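Everything on this sheet refers to the single structure shown next.
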Amino acid sequence: MVAPLVENGIISGNFNLLIALFIGLGFGFVLEQSGFSSSRKLAGVFYGYDMTVMKVFFTAAIVAMFGLLFFSLFGWIDLEMIYVNNTFLYSAIIGGVLMGIGFIMGGYCPGTSMCAAAIGKIDAMVFIVGIVIGIVIFGIGFPIWEKIYTAKALGPLKLSDLIGVKDGVFLLLLVVIAMAMFYAAEWVEKKFPRDVY
Amino acid sequence: MEQSTIESGTHKREKPYINPYIGGVLLGIVLLSAFFIAGEGLGASGAFKNVISVCAAPITSADNTTGFFAKAYHSLMEDSKKWWIVMEVLGVLIGGLLSGALSGRLKLKTEHSPKITKKRRLVFALLGGMFFGIGSQFGRGCTSGAALSGMASFSVAGFLTMICIFGTGYALAYFFRKNWI
Chain A
54 MVAPLVENGI ISGNFNLLIA LFIGLGFGFV LEQSGFSSSR KLAGVFYGYD
104 MTVMKVFFTA AIVAMFGLLF FSLFGWIDLE MIYVNNTFLY SAIIGGVLMG
154 IGFIMGGYCP GTSMCAAAIG KIDAMVFIVG IVIGIVIFGI GFPIWEKIYT
204 AKALGPLKLS DLIGVKDGVF LLLLVVIAMA MFYAAEWVEK KFPRDVY
Chain B
25 MEQSTIESGT HKREKPYINP YIGGVLLGIV LLSAFFIAGE GLGASGAFKN
75 VISVCAAPIT SADNTTGFFA KAYHSLMEDS KKWWIVMEVL GVLIGGLLSG
125 ALSGRLKLKT EHSPKITKKR RLVFALLGGM FFGIGSQFGR GCTSGAALSG
175 MASFSVAGFL TMICIFGTGY ALAYFFRKNW I
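Sequences listed follow chains A and B, in order. Each residue of the first sequence is one higher than the one before, starting from 54 at the first, in my numbering. Each residue of the second sequence is one higher than the one before, starting from 25 at the first, in my numbering.
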């Protein structure tokens, strides 16, 4: 097992920070090339006139999941060392709902707003100011919602384990679902008129 | 199809966006590289939190280790790996700028539906950002850190947060339709 390279000491912590810059560069570049620097394109996913977000998002997740599973199969990566997000049931739901409100109102998410601000979108810069205010509000009020924030801690729980199937079977199911969603996305885009922005 | 070529021809010399599925594969490869090299996925909101915690450090007292930002600040000072996401988000800015420059999309403007005013768009952008800021802390990450990277690592939280983000968006889309369509 060689990867994760940092965890196994193959590359140093400092070098890792430089690599982070380049990974971010790739991230920002792909987001912008895919049109994620446009709020009207992003919001299209909620109205059916532009389903790019869904297509990019699910394709990316599936490609990364295939990569992780095959790399693990080849013995290249130790999946035990891959960070699996901890599940705090209530907090994850509250957070998701608040972010959904933020998305439909603001038209961006944090990553895409950085990308859009980089090419000069003023609405994205204002959105970023909003993010900072929001995080400060959360931090100051933290004692109020600390209990709910840490409630129902389920640890690094994997959905495949929860429903009791192997990761590979789970991924196959996800691919089938994604294919159906892509098919629906292509159909719905034809139904709704698309602006040029 | 024809109309879009005419539009892009008469407007500025903007290059078209890439095919979303190709974009998705490329994004997947970037995400996989992050896992392969650093052992964790991509993110964005964590960088905001970290930078805010550094700025807040002079305000919060030194022996305060229980506050939300104080905790983040102390772990930043102890573990250089916590800077990873800050560097990554700096990279996002550079990558976005580079892509925009190469495709002729660098332009200072407020993007909004012709049906609403610029002011209305900016007010909603600010409010949306605030909701996203608060939500990203509850969610322990945003669309990239919690939803995308969480999903890719099969995490329950990742799928749950993703469903809640998009589900809420769809549930409320009707009420905000004037802003977008």
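We put the CB at the ideal spot given by N, CA and C, even for glycine. Being a predicted model, the structure only gives us computed values, none of them experimental.
Check your understanding: Could one say the Cβ of residue 140 of chain B lies closer than 8 Å to chain A's Cβ atoms, at least one of them?
Key -> no
Review point. Terminal residues of the continuous beta strand (DSSP E) containing residue 208 of chain A?
Key: 206 to 208
Check your understanding: Does the segment 59 to 79 of chain A come close enough to the segment 235 to 246 of chain A to have 3 or more Cβ pairs within less than 8 Å?
Key -> no
Check your understanding: Cβ of residue 72 of chain B within 8 Å of Cβ of residue 80 of chain B?
Key -> no
Point to revise | Contact set between residue 236 of chain A and chain B, taken where Cβ atoms lie within less than 7 Å | key: What residue 236 of chain A touches in chain B: nothing, since even the nearest Cβ is about 12 Å away.
Review point. Is it a yes or a no for the segment 136 to 149 of chain A touching the segment 205 to 212 of chain A, going by three-plus beta-carbon pairs under 8 Å?
Key: yes
**Study point:** Continuous alpha helix (DSSP H) assignments of at least 4 residues falling wholly in the segment 79 to 161 of chain B
**Key:** 92 to 102 and 108 to 126
Point to revise | Paired residues, beta bridge with residue 211 of chain A - DSSP | key: B/179
Practice item. Can you give me, in chain order, the residues of the segment 195 to 219 of chain A that have a beta carbon less than 9 Å from any beta carbon in chain B? Key: 195, 196, 198, 199, 201, 202, 207, 209, 210, 211, 212, 213, 214 and 215
Review point. Checking contacts by CB at 8 Å: is residue 136 of chain B closer than that to chain A?
Key: yes
Practice item. Compute the Euclidean distance between the alpha carbons of residue 50 of chain B and residue 88 of chain A, then round it to the nearest angstrom. Key: 14 Å
**Study point:** Per-residue contacts from residue 158 of chain A into chain B (C-beta, under 7 Å)
**Key:** 148, 151, 152, 155 and 200
Practice item. With DSSP collapsed to three states, give me the class of residue 76 of chain B. Key: helix
Exercise for review: Sort out for me which residues DSSP pairs residue 123 of chain A with in a bridge.
Suggested key: In the DSSP output, where bridge partners are listed per residue, residue 123 of chain A has none listed.
Review point. From residue 57 of chain B to residue 119 of chain A, what distance separates their C-alpha atoms?
Key: 13 Å
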